[in-house]
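Down below is the structure, laid out as structure tokens.
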Amino acid sequence: MIQKPRFWALPVILIITGVLAAVGVAQNVAKEKEFRIERSMPKEAIACIECHKREHPGLFADWANSRHASANITCYDCHKAEAFDPDVSQEHYKQYQRSDQPYGTTEYKIPVAAVVTPKDCSRCHPDEAKQYSQSKHANTMEIIWKIDPWLNKGMNSDMERATGCYHCHGTVLKMKDGTLDPETWPNVGVGRINLDGSKGSCTSCHTRHMFSVMEARKPEACGQCHLGPDHPQIEIYMESKHGDIYTAHGDDYNWTAAPGTWSPGVDFRGPTCASCHMSGAGTTLTTHDLTERLSWELQAPLTIRPSEFKPFPAKTNWQTERDKMKVVCTQCHGKTWVDNHYVKLDKVVAEYNDVYFKPAKAMLNQLYDKGLLDKTKFFDERLEVEYYELWHHEGRRARMGAAMMAPDYTWWHGFYECKKRYNNYMEEARDLIKHNKKAYRATDYPNATGNTSKPKEVFPTGQ
Ligand code: HEC
Ligand code: HEC
Ligand code: HEC
Ligand code: HEC
Ligand code: HEC
Ligand code: HEC
Ligand code: HEC
Ligand code: HEC
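Residue 136 is where the sequence shown starts when you use my numbering, and the numbers rise one by one after that.
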């Protein structure tokens, strides 16, 4: 079953009141961009377009080429704020005191905010915003502050976080001197905490001002965050058969199929991240909650079901979610092919848990109990790092590689490295026990200066 777009309700009024010349549709036509404005648009909205067209031609062109522009959704619809909103740009009021500009007068003045949040988008896209708000993407700030030792033990600096972690996970937006605090913005991390209380940033995958589904359907949209030693999904994908097919045939895929109608086999030959995890297929409906379709919590130290993940338990049943994913697979594969793939994945999970993770964890606990490792900090003793990398790096790679059909990641970057690390770890641990020797502690651990208090916007009681 194919979903039909559900935009009809709200924008109808806008669509019939005026049509912006759809400059973007004809890409092969002359470069000169014509732009026509109908009478019925509020004069303040016309002012935004006319002035910004001149001031920021790049930004303007991006918007003018978007589906929003052809549906008459303008700057005004997304950036208009209330004068009392905390994120109103005080600077922008000055634009209405520019007698050098045709639209730079108080006649056109309205409050404007630079940040446009999922709450703003939800006026017209309530389903996507609701699904997104339930996802781990949107709630990641809560999750990482509950479980992460870098943050909770203060093992890195605030700058290391601002330029690293938070670019992917998101910041807590703040105002400073009437403008957005540079330590918190620009930022479009998946779980950004906005000043209106909403969570996340839709531009993580649909960059402004095109807001294109085509872009979000491509694996690169996910690969900007899902890469590297600890979550190499883009590398895994690119080495899988599905990735090979994307490389060979991707140019011919129908990337711009209408939202909710992008169909396996019809519009593309090999799935991308979005087609397996988000787009609709058969009876499986499009979703903006990436926890759907998962039967395992593969990134956790001990692999568990998504509903058993204590910091943010999914309200899902793993079998139902697995069946949804299988519906995607069976658009292109037979049942046995798909069932057998999952049989292998389940075995990988069981072996990783029992052979590598559980004994390593038991050994760590033993060392803490005997006082040979110190519990106050984390990462300042070598075995803590070894234990961390065992589950966080190669242990994840083995599981993710198996889940997404990348044998090089399952074995060479995965289980092979697990074996090597495990043996070194056990050798050193047993040596400490044998000689009852305390592990070396890096008392000069670099940059362990980060703030350890949880953000109050996410944890109002501090807990
Ligand atoms: C007379 C010209 C003019 C008009 C009219 C105008 N803007 Fe602007 N706007 C600017 C300029 C110039 C900047 C960049 C200021 C800068 O770089 O410091 C700007 C900045 C912005 C920003 C970024 C603000 C920030 O704090 O970073 C937003 C968002 C914005 N405009 C939206 C709008 C919207 C929406 C409207 C219509 C309601 C509008 N503008 C009307 C000229 C204008
Ligand atoms: C569909 C909603 C939407 C529309 C329509 C829209 N914007 Fe934006 N705009 C956004 C989002 C989302 C961001 C990203 C800001 C953030 O939340 O971090 C943004 C960011 C901006 C910024 C700040 C970022 C930067 O690069 O400086 C400016 C300036 C801006 N928009 C101006 C405009 C203007 C001018 C128009 C009309 C031509 C427009 N926007 C139309 C949603 C929209
Ligand atoms: C005032 C209503 C309105 C607001 C606010 C709005 N949109 Fe839209 N959006 C629309 C309409 C209408 C369409 C359908 C356009 C069409 O099908 O041609 C659309 C289409 C889209 C699409 C599909 C584009 C494509 O390539 O097919 C995306 C993605 C999208 N919007 C994202 C956003 C995001 C993200 C925000 C907030 C930053 C937002 N929208 C805010 C009305 C809105
Ligand atoms: C390049 C983007 C990126 C950076 C930088 C990054 N992360 Fe992540 N992080 C991710 C992604 C993607 C995942 C999801 C991994 C998966 O599912 O395989 C993740 C997962 C996590 C998780 C596990 C969440 C869970 O549900 O179990 C924690 C905790 C975490 N990151 C904390 C951090 C901290 C702290 C930093 C900085 C020290 C950081 N991350 C830096 C992208 C990033
Ligand atoms: C993790 C990446 C990602 C994020 C974040 C994201 N989207 Fe999407 N979005 C997609 C993908 C992929 C599609 C294409 C689904 C398809 O194939 O039809 C899509 C499609 C859409 C569509 C078209 C209708 C549909 O359901 O297919 C709208 C509207 C939309 N997104 C709005 C939003 C809004 C609003 C937000 C923020 C609340 C958001 N998106 C955040 C990836 C994302
Ligand atoms: C801006 C960075 C960013 C982008 C872009 C992004 N993700 Fe994520 N993703 C994350 C982070 C961070 C997490 C970890 C959240 C957590 O568990 O705390 C995550 C988690 C996930 C999860 C695990 C959810 C769960 O319940 O365990 C899946 C699946 C996922 N992302 C798929 C995607 C797909 C598919 C895309 C592209 C359409 C995408 N992501 C785009 C940052 C990103
Ligand atoms: C052929 C379909 C398919 C493609 C393509 C695909 N995935 Fe997956 N992905 C899966 C399956 C199956 C799982 C394991 C699901 C489960 O738990 O049952 C998975 C697991 C994941 C997880 C682990 C979530 C967790 O448990 O922590 C993340 C993150 C993820 N995928 C992201 C991506 C990204 C990003 C891409 C593209 C670069 C991608 N996937 C491409 C099918 C796919
Ligand atoms: C859009 C169609 C499509 C979808 C959806 C799809 N696949 Fe595939 N898959 C293919 C094609 C085509 C091949 C290449 C077959 C070949 O080797 O000739 C392939 C190859 C594979 C392979 C073989 C990998 C190898 O290295 O030999 C496995 C396993 C697989 N898919 C499992 C899955 C699973 C599991 C899902 C769902 C999570 C899925 N596929 C979704 C089209 C698809």
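Beta carbons are placed, not taken as given, at the ideal position from N, Cα and C, and that holds for glycine.
query, result
"Can you tell me whether DSSP reads G585 as helix, strand or coil?", "coil"
"Does G506 pass the burial test, meaning 16 or more other C-beta atoms within 10 Å, or should it be called exposed?", "exposed"
"Please classify F447: does DSSP put it in a helix, a strand, or coil?", "coil"
"Report yes if the CB atom of I541 is closer than 8 Å to the CB atom of S375, and no otherwise.", "Note on residue identity: the sequence assigns Ala, not Ile, to residue 541. Against a cut-off of 8 Å, the Cβ pair of S375 and A541 comes out as a contact."
"Going by the beta-carbon positions, is the gap between I184 and C210 smaller than 8 Å?", "yes"
"With DSSP collapsed to three states, give me the class of K482.", "helix"
"Go ahead and pull the three-state DSSP assignment for K569.", "helix"
"Applying the criterion that 16 or more other CB atoms from any shown protein chain within 10 Å of the CB defines a buried residue, is D255 buried or exposed?", "buried"
"May I ask which residues mark the beginning and end of the alpha helix (DSSP H) holding K493?", "K493 to D504"
"Can we say the segment 309-317 touches the segment 277-291, given the rule of at least three CB pairs closer than 8 Å?", "no"
"How many angstroms separate the CA atom of V164 from the CA atom of H304?", "Any reading at V164 must be qualified, since the residue scores a pLDDT of 37, below 50, and its modelled position is unreliable; no value is offered."
"Name the one or two DSSP bridge partners that P221 has.", "Beta-bridge pairing links P221 to no other residue."
"By Cβ distance below 8 Å, which residues in the same chain neighbour W431 in space, the five residues on each side in sequence not counted?", "T438, I439, R440, P441, W453, L480, V484, R534 and A538"
"Hey, out of Y238, R556 and D504, whose CA is closest to L525's CA?", "R556"
"Alpha carbon to alpha carbon, what distance is there between T422 and M136?", "With a pLDDT of only 37 at M136, under 50, the local geometry of the prediction cannot be trusted, and the value read off the model is given with reservation. Cα-Cα distance, rounded: 14 Å."
"Beta carbon of P406: closer than 7 Å to some heavy atom of ligand 7?", "yes"
"Looking at the structure shown, is E185 part of a helix, part of a strand, or coil, going by DSSP?", "helix"
"In the DSSP assignment, find the alpha helix (DSSP H) that holds R352 and state where it starts and stops.", "V348 to R352"
"So, are the CB atoms of V473 and C464 less than 8 Å apart?", "yes"
"Once DSSP output is grouped into helix, strand and coil, what is the label at F403?", "strand"
"Within a Cβ cutoff of 8 Å, which residues of the same chain sit near G417, ignoring the five residues on either side of it in sequence?", "M136, V462, V463, T465 and Q466"
"Roughly how many angstroms separate the alpha carbons of A196 and N475, rounded to a whole number?", "49 Å"
"Determine the burial state of A218: buried for a count of at least 16 other Cβ atoms within 10 Å of its Cβ, exposed for fewer.", "exposed"
"Going by Cα to Cα distance, which pick from K493, K353 and T426 is closest to D402?", "K353"
"Output needed for K229: all residues of its chain with C-beta closer than 6 Å, excluding positions within five of it in sequence on either side, in chain order.", "none"
"Would you mind working out which of A393, T396, T391 and G400 sits nearest I380, comparing C-alpha positions?", "G400"
"Suppose you measure from the CA of R576 to the CA of L508; what does that come to, to the nearest Å?", "9 Å"
"Rounding to the nearest angstrom, what Cα-Cα distance links T471 and E355 in this structure?", "30 Å"
"Got a sec? Which residues, its chain only, sit under 6 Å from K512 by beta carbon, not counting five neighbours each side?", "K288"
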